[in-house]
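Colleague:
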Amino acid sequence: MPEKLLEVRDLKTYFYTTKGVVKAVDGISFTLNKGEVMGLAGESGCGKSTTAYSIIRLVPPPGRIVGGKIIFEGKNLLDMDSEEYRRKIRWKKISMVFQGAMNALNPVYTIGDQLAEVFMIHRGMTKREAMPHVYELLSMVGIDPKRAKSYPHELSGGMKQRVMIAMALALHPPLVIADEPTTALDVVVQAQIMNLLKKLQREHGISIILITHDLSLIAEIADKVAIMYAGKIVEYGTADQVYLNPQHPYTKALLNSIPRIRGEISKLEWIPGQPPDLIAPPPGCRFHPRCKFKMDICMKEEPPVIEVEPGHYVACWLHAKK
Ligand SMILES: Nc1ncnc2c1ncn2[C@@H]1O[C@H](COP(=O)(O)OP(=O)(O)OP(=O)(O)O)[C@@H](O)[C@H]1O
Ligand SMILES: [Mg+2]
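Following this note's numbering, the numbering of the sequence shown begins with 1 at its first residue and continues without gaps.
1. Leaving out the 5 sequence neighbours to the left and right, which residues in its chain are closer than 6 Å to L254 when beta-carbon positions are compared?
2. With DSSP run on the structure shown, which of helix, strand or coil describes F72?
3. According to DSSP, Y236 sits in a beta bridge with which residue or residues?
4. Less than 8 Å separating the beta-carbons of I227 and G42?
5. Between which two residues does the beta strand (DSSP E) containing G112 stretch?
6. Hey, is V22 close to ligand 1, as in C-beta under 7 Å from one of its heavy atoms?
7. In angstroms, rounded to a whole number, what distance separates the CA positions of V189 and K93?
8. Pairing CB atoms from the region 302-319 with CB atoms from the region 239-248, are three or more of them under 8 Å?
9. Look up L11 in the DSSP assignment and give the residues it is bridged to.
10. Run through the DSSP bridge pairs and tell me what M96 is partnered with.
11. By how many angstroms is the C-alpha of V141 removed from the C-alpha of H204?
12. Considering only residues of the same chain and omitting the five flanking positions on each side of M159, which have a CB-CB separation below 7 Å?
13. What does the Cβ neighbour count give for H288, buried or exposed, with the cut at 16 atoms within 10 Å?
14. Can you have a look at Q201 and say buried or exposed, based on whether 16 or more other CB atoms are within 10 angstroms of its CB?
15. Check the Cβ-Cβ distances between I221 and every residue of chain C, and say whether any is below 8 Å.
16. Three-state secondary structure (DSSP) at S156?
17. Using the three-state DSSP reduction, which class does N33 fall into: helix, strand or coil?
18. Could you tell me the distance, in whole angstroms, from the CA atom of K19 to the CA atom of P276?
19. So, using beta-carbon positions, are M1 and A101 closer together than 8 Å?
20. Using only the heavy atoms of ligand 1, determine whether one of them is closer than 7 Å to the beta carbon of S54.
21. Distance check for M125 and I233, CA to CA, integer angstroms please.
22. Collect the residues with a C-beta less than 7 Å away from any heavy atom of ligand 2 and give them in sequence order along the chain.
23. Could you spell out where the beta strand (DSSP E) holding T126 opens and where it closes?
24. In whole angstroms, what separates the C-alpha of Q26 from that of P281?
25. Indicate the three-state DSSP secondary structure (helix, strand or coil) for A148 in the structure shown.
26. Is it buried or exposed for E235, if we count other Cβ within 10 angstroms and need 16 for buried?
27. Given L185, which residues of its chain have a CB within under 6 Å of its CB, disregarding the five upstream and five downstream residues?
28. Could you give the residue range of the beta strand (DSSP E) that holds T182?
29. Kindly indicate which three-state DSSP category A219 falls into: helix, strand or coil?
Here is the structure:
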């Protein structure tokens, strides 16, 4: 039996802005087992980063987690106060590679110094004690330990991103959340970073939540895939289930928008319309204004989540008997 590591249940995170309440994450659920990679995909603004910030308990104001549970190693993380979370969980148990993080490296310190700081702050080491760990981390992410003396501007984008991944791995957390870790990089470097994540998962048994708007990127490394649309997970299952047998019209459209080099050539599609405003999302199914298959009920009632095959869930009226 796979061992559960993280269980997110009905999580809701809203931003209380002057214009209204942005329901950025609105009742999502998923389970991640030990050693699994889950891809979390969806268009810009659908709530992927907010999901990540909720798990690592760094939702920026005016945002707030307003409901649900985040059960990690059997405990609900939302029952902890922020001090306990900081002391016991963040970086030690759950770490994150932030979206656009490579630009957050401090330009005036070497990368070795910046990595050493993690051990000095969290493990109470001296710099001298920390350095062997820094060298080990750098080689783990495929950087020559000699580069510890380099400043961020001396590194390529791909190397800077590796440094950020090294930082997230420093304290050996069982769960790493990587938010768009390759977005600003060229395709070759993207593939290298994906291979690195795959290697870390295989060799170190790390569980990874990989966030991206690019479904083709996670196809090779994800065990599970969750497709998000407008604050909700609309489809969720193993990578094979979601890629080979997609059931939600939004998932199908997303997959049809990826060019395939091999296999039958089908016409590329794009999804007309725009993702909805999350202050006043459309009633019923949030995807209905853009859905080719919409029925009357889709405009009125929210679709239930249906298990279409074991472990494969879809929130769509086409699959609900009503
Ligand atoms: N600090 C904030 N204040 C107000 N609204 C916010 C804030 N941060 C995010 N939001 C809103 O929450 C929603 C979800 O944003 P989020 O950043 O989670 O999306 P995303 O899926 O990560 O998008 P992207 O692919 O562009 O990174 C959006 O409507 C966004 O405008
Ligand atoms: Mg984001």
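Ideal Cβ positions, reconstructed from N, Cα and C, are used throughout, including at glycine.
Just so you know, these numbers come straight off a predicted model, no measurement behind them.
Modeller: Result, derived from the coordinates:
1. L215
2. It is a strand residue.
3. A226, Y313
4. yes
5. Not the beta strand (DSSP E): G112 falls in the alpha helix (DSSP H), residues 111-123.
6. yes
7. 28 Å
8. yes
9. I28
10. Note: M96 sits in a beta bridge opposite I177.
11. When the Cα atoms are used, H204 and V141 turn out to be separated by approximately 12 Å.
12. The residues are I143.
13. buried
14. buried
15. Protein chains in the displayed structure number just one, and chain C is not present.
16. coil
17. strand
18. 15 Å
19. no
20. no
21. 42 Å
22. K48, S49, Q99, D179, E180, I211
23. Taken as a continuous stretch (DSSP letters only), T126 belongs to no beta strand (DSSP E), as it is neither H nor E.
24. Here residue 26 turns out to be Asp, not Gln, going by the sequence shown. Going by the C-alpha atoms only, they are around 11 Å apart.
25. Correct three-state label for A148: helix.
26. buried
27. G157, G158
28. T182 -> no beta strand (DSSP E), and no H or E assigned at all.
29. coil
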